[in-house]
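Just so we're aligned, residue 31 is where the sequence shown starts under our numbering, counting upward by one.
Structure record follows, encoded as structure tokens.
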Amino acid sequence: MQDLFLQGGIMPVWFGLLIAFISSLTMNFGLTLQKRRASELPKIGKERGALVARAFFSNRDWWSGTIVLLLGWGLYLWSMQIAPISLVQPTLGMGLMAMALFSVFYLKEKIKPGEWVIIAGMFIGFILLGLSAREEMPKELPSIIRLLIATAFILALALFAYFLGKKGKLNAIRADTLLGIVAGLFLGLGAVFARSMFLFSGHQKDLNALGIFLPAMVISYLLGIVIIQSGFQHGKALIVVVMESVISKLVAILAGIFALNESLPQNRTLAVMRIIAFVLILFGSGVLARFGKER
């Protein structure tokens, strides 16, 4: 049994999913704690950088949320060492329901019945992704060229959306929705770098793992976290976190297929389930953003 646990048997996969679920709850709770104070602090992008940084880093309540968030992030990285990212990412969607409950009962935010339906649809999509995911870990190293292409594409999307939003050319989209999307792109990219780091490290390619992917992962996550804080200051926590959560998962799963050798299942039924899951998540994201615009 010990060999089964250590060598990638059934037990490690389910243990990894359990850790991923706990990490999702932890990170969402940390984000909720941050939201309560972020909305009261100087706004990111509208005040002097030094003033904003001092206000955030001197606030104990915001730091409490940050510590909880970092704990959840550590658990998330641990889960990616144990289970495939195609299983870990859908499992993180369980935190959406927890965030909704936190927003209603802790932040006292109101959610329309239609939003509950959309969140439920996203949750079903995550379940379908999990059911359709392969359990085996990819054995070959990812292609550096494919990783570079995926990275360039994701960065281009994030920068394009951010600068168009800054220039006021995306007024049809709420600020919290747009910032949630951009944060999701960076956090999803960070997940891709994290998975790449573990894959290269497992093949004794520590120079690539620690010299390239580790700093790239840290920078991506830091950018994503800063953008989330800005989103908290410009709208509803639920909208920001739902958009970030959905987009980051889509980025990680699609980049996993393209660059990390995690292809669609060969079984047609499972492949169809995977595609339906993507449609549910994408459709839910768009409709949820429309509901958010009405406030």
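Using N, Cα and C, we set each Cβ at its ideal position, and we do this for glycine too.
(message) Using a Cβ-Cβ cutoff of less than 7 Å, which residues in the same chain neighbour L177 once the five nearest sequence positions on both sides are dropped?
(response) Position 147 of the sequence shown, counted from the first residue, corresponds to residue 177. Closer than 7 Å at the Cβ level, and outside the excluded window around L177, lie S226, A289.
(message) Excluding the 5 residues flanking F228 on each side, which residues of the same chain have their C-beta closer than 7 Å to its C-beta?
(response) Sequence index remark: in the sequence shown, residue 228 carries index 198 (1-based). Within the same chain, F228 has close Cβ partners M110, Q111.
(request) Leaving aside the five residues before and after N238 along the sequence, list all residues of the same chain whose C-beta is less than 7 Å from its C-beta, in chain order. (result) The residue given as residue 238 occupies position 208 in the sequence shown. Same-chain partners within the cutoff: F230.
(request) Enumerate in chain order the residues of its own chain whose CB-to-CB distance from L48 is below 7 Å, with the five nearest sequence positions on each side excluded. (result) As a first step, residue 48 is located in the sequence shown; it is residue number 18 there, counting from the start. Result list for L48: empty, nothing under 7 Å.
(request) Return the CA-CA distance between A50 and L194, expressed in angstroms with no decimal places. (result) Here residue 50 refers to the residue found at position 20 of the sequence shown. Here residue 194 refers to the residue found at position 164 of the sequence shown. Using only the alpha carbons, I get a separation of about 34 Å.
(request) Classify N58 as helix, strand or coil using the three-state DSSP reduction. (result) Within the sequence shown, the letter at position 28 stands for residue 58. Helix, per DSSP.
(request) Check whether the Cβ atoms of S278 and G218 sit closer than 8 Å, and answer yes or no. (result) Stepping through the sequence shown from its first residue, residue 278 is reached at position 248. Stepping through the sequence shown from its first residue, residue 218 is reached at position 188. Taking 8 Å as the Cβ cut-off, S278 and G218 qualify as a contacting pair.
(request) Helix, strand or coil for N238, going by three-state DSSP, please let me know. (result) Translated into the one-based positions of the sequence shown, residue 238 becomes position 208. Residue state, collapsed to three classes: helix.
(message) Excluding the 5 residues flanking V98 on each side, which residues of the same chain have their C-beta closer than 7 Å to its C-beta?
(response) Numbered from 1 along the sequence shown, position 68 holds the residue referred to as residue 98. T56, F59, G60, L63.
(message) Quick check: the Cα distance between L101 and H264, rounded to an integer number of angstroms?
(response) To locate residue 101, count along the sequence shown from 1; it is residue 71. To locate residue 264, count along the sequence shown from 1; it is residue 234. Cα-Cα distance, rounded: 26 Å.
(message) With a threshold of 7 Å on Cβ separation, who are the neighbours of G327 within its own chain once the five nearest residues in sequence on each side are excluded?
(response) With the chain covering 31 to 325 only, the question about residue 327 has no answer from this structure.
(message) Only counting the same chain, and skipping five residues up and downstream in sequence, which positions put a Cβ closer than 7 Å to that of T181?
(response) What you label residue 181 is simply residue 151 of the sequence shown in a count that begins at 1. Once the five neighbours on either side are set aside, the close Cβ partners of T181 are L219.
(message) Which same chain residues end up closer than 7 Å to V270 when comparing Cβ atoms and leaving out the 5 residues on each side of it in sequence?
(response) Numbered from 1 along the sequence shown, position 240 holds the residue referred to as residue 270. Only D206, L209, G210, I258, G261, F262 meet the Cβ criterion.
(request) Using alpha carbons as the reference points, say which of S54, V276, L253, R304 lies closest to Y192. (result) Taking the sequence shown and counting its residues from 1, the one referred to as residue 192 is at position 162. Closest by alpha carbon: L253.
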